[in-house]
Amino acid sequence: MPVRPRTTPNPTCFWTGCPLFPHSRRRARLSLAIRDAMIYIVQGCDFQPSMLANGPRWERLHRSWRRISRVVLHIILPLGVGSLIYILWRTPTLRVFRWFDTLGLGSEIFRLRQSFAPYRAVVPRWVLFSLPAALWMYAMAAWFQMALSRSDRRTRWIWLSIALSLGVGSELGQLWRVVPGTFDGRDVAFYLAGWIAAIVCTPKREIHNETQPHLPIGACSDAPIGWRER
Numbered sequence: 050m051p052v053r054p055r056t057t058p059n060p061t062c063f064w065t066g067c068p069l070f071p072h073s074r075r076r077a078r079l080s081l082a083i084r085d086a087m088i089y090i091v092q093g094c095d096f097q098p099s100m101l102a103n104g105p106r107w108e109r110l111h112r113s114w115r116r117i118s119r120v121v122l123h124i125i126l127p128l129g130v131g132s133l134i135y136i137l138w139r140t141p142t143l144r145v146f147r148w149f150d151t152l153g154l155g156s157e158i159f160r161l162r163q164s165f166a167p168y169r170a171v172v173p174r175w176v177l178f179s180l181p182a183a184l185w186m187y188a189m190a191a192w193f194q195m196a197l198s199r200s201d202r203r204t205r206w207i208w209l210s211i212a213l214s215l216g217v218g219s220e221l222g223q224l225w226r227v228v229p230g231t232f233d234g235r236d237v238a239f240y241l242a243g244w245i246a247a248i249v250c251t252p253k254r255e256i257h258n259e260t261q262p263h264l265p266i267g268a269c270s271d272a273p274i275g276w277r278e279r
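Counted the way our numbering counts, the sequence shown spans residues 50 to 279.
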């Protein structure tokens, strides 16, 4: 009696429900990853991967994306916006423009400033001269908050106080003519505002798998898997 070859049912497409051919399985896995990435973006970096993508590998990927999104949102983005304000609209006699000339980027920066020069008249004065200080202080304090998330509260507050002292101390140094620049009390207020905003807005959660039993991603739970409020 001839033996029939063992066959396995083809997977179905999660978009249309139609059966897929064996050569399309890799395409189905890629499409599933794209769908999960879209869910991740739409839900503001708080998505849980679908039941179809369950497994330790997707759990690690989910955690990595969360870390990267936090670094981009709370550190890289404020630094980039503050630096862009300086590059586009601040006076070209600042030291940073000499650094650009040394790197050979002087002509590109000049053309960029020429393109955005008409918008300088409508930008408020506090955005030009004080907002970058608040953004840089926010990025520094947020970095300390996330880098020291596993440390005790006393250690975090020590480093946060150092960050605030660096910002406010630079302004006081300008007042006492120790640091080059012009003292402005509004900059001190913006440094303090950025510092407080970082403490309030930066996530204070960290991963502790030992605090909860391991649950697969997509399982029902009252709190996100592996996360504990501090």
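Here a beta-carbon is modelled for each residue, glycine too, at the ideal position from N, C-alpha and C.
query, result
"In angstroms with no decimal places, state the Cα-to-Cα distance between Leu197 and Arg205.", "6 angstroms"
"Report the rounded CA-to-CA distance for Ile117 versus Leu137, giving the unit in angstroms.", "27 angstroms"
"Evaluate contact between the region 176 to 184 and the region 146 to 155, counting only Cβ atoms and requiring at least three cross-stretch pairs below 8 angstroms.", "no"
"State the DSSP-derived secondary structure class of Val120, mapped to helix, strand or coil.", "helix"
"Taking buried to mean at least 16 other C-beta atoms within 10 Å of its own C-beta, is Trp244 buried or exposed?", "buried"
"Kindly list the residues whose CB is nearer than 6 angstroms to the CB of Ile134, restricted to its own chain and excluding five residues on each side of it in sequence; keep chain order.", "Pro181"
"Should Pro167 be labelled buried (16 or more other beta-carbon atoms within 10 Å of its own) or exposed?", "exposed"
"Output needed for Pro229: all residues of its chain with C-beta closer than 8 angstroms, excluding positions within five of it in sequence on either side, in chain order.", "Gln223"
"Can we say the region 210 to 225 touches the region 181 to 193, given the rule of at least three CB pairs closer than 8 angstroms?", "yes"
"Which word fits Ile124, buried or exposed, when buried means at least 16 other C-beta atoms lie within 10 angstroms of its C-beta?", "buried"
"Considering only the beta carbon of each residue, do Ala190 and Ala247 sit closer than 8 angstroms?", "yes"
"Cα-Cα, which of Pro252, Ser164, Ser219, Arg226 is closest to Phe193?", "Pro252"
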